[in-house]
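Using numbering that gives the first Met the number 0, the first residue of the sequence shown is number 0, and each one after it goes up by one.
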Amino acid sequence: MNWLKSHKNDLLLTAALLVLGGALALFLFATRRDGGTVRVQVDGCTELELPLGEDARILLGEGGEFTNLLVIENGAARIVEANCPDQICVNHGAIRYEGESIVCLPHRLVVSVEGGGENPVDGTAR
0 MNWLKSHKND LLLTAALLVL GGALALFLFA TRRDGGTVRV QVDGCTELEL
50 PLGEDARILL GEGGEFTNLL VIENGAARIV EANCPDQICV NHGAIRYEGE
100 SIVCLPHRLV VSVEGGGENP VDGTAR
């Protein structure tokens, strides 16, 4: 009983943080949108843009020092092969929602999902 009295504020803070975290997760899950295009950037320059709705297999960096195999299927994009040492881009998994990205730092490659639907916010607040 004494333990509960001395840790009451800790328990209230923990409960409040759990409720806020759950509300934030629910909000983010409810507002995510499917993407429309995949943008591939190397060294910050856009190399190509592809629609997520069309299946494709593209070998990036062919003939150069790096290679990444980008696969688009079933409305999702993923890197299935890469010759980088850490393989983080391969282990990342598929992306399909607007704002998601796969990054391969050794190859300075960024694959991101953009577009999709019309933004429900039509202006900015001041």
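Yeah, the Cβ is synthetic: ideal placement off N, Cα and C, and Gly gets one too.
Item, Value
"CB of G74 within 8 Å of CB of L51, strictly", "yes"
"Candidates V70, V18, Q40, A14, of which the one nearest R95 by Cα", "V70"
"Opposing strand residues paired with C103 [DSSP bridges]", "L108"
"Limits of the unbroken alpha helix (DSSP H) element including A15", "7-30"
"Of the residues L12, N1, R32, L17, the one placed nearest V112, counting alpha carbons only", "R32"
"Of the residues K7, V39, G20, the one placed nearest H106, counting alpha carbons only", "V39"
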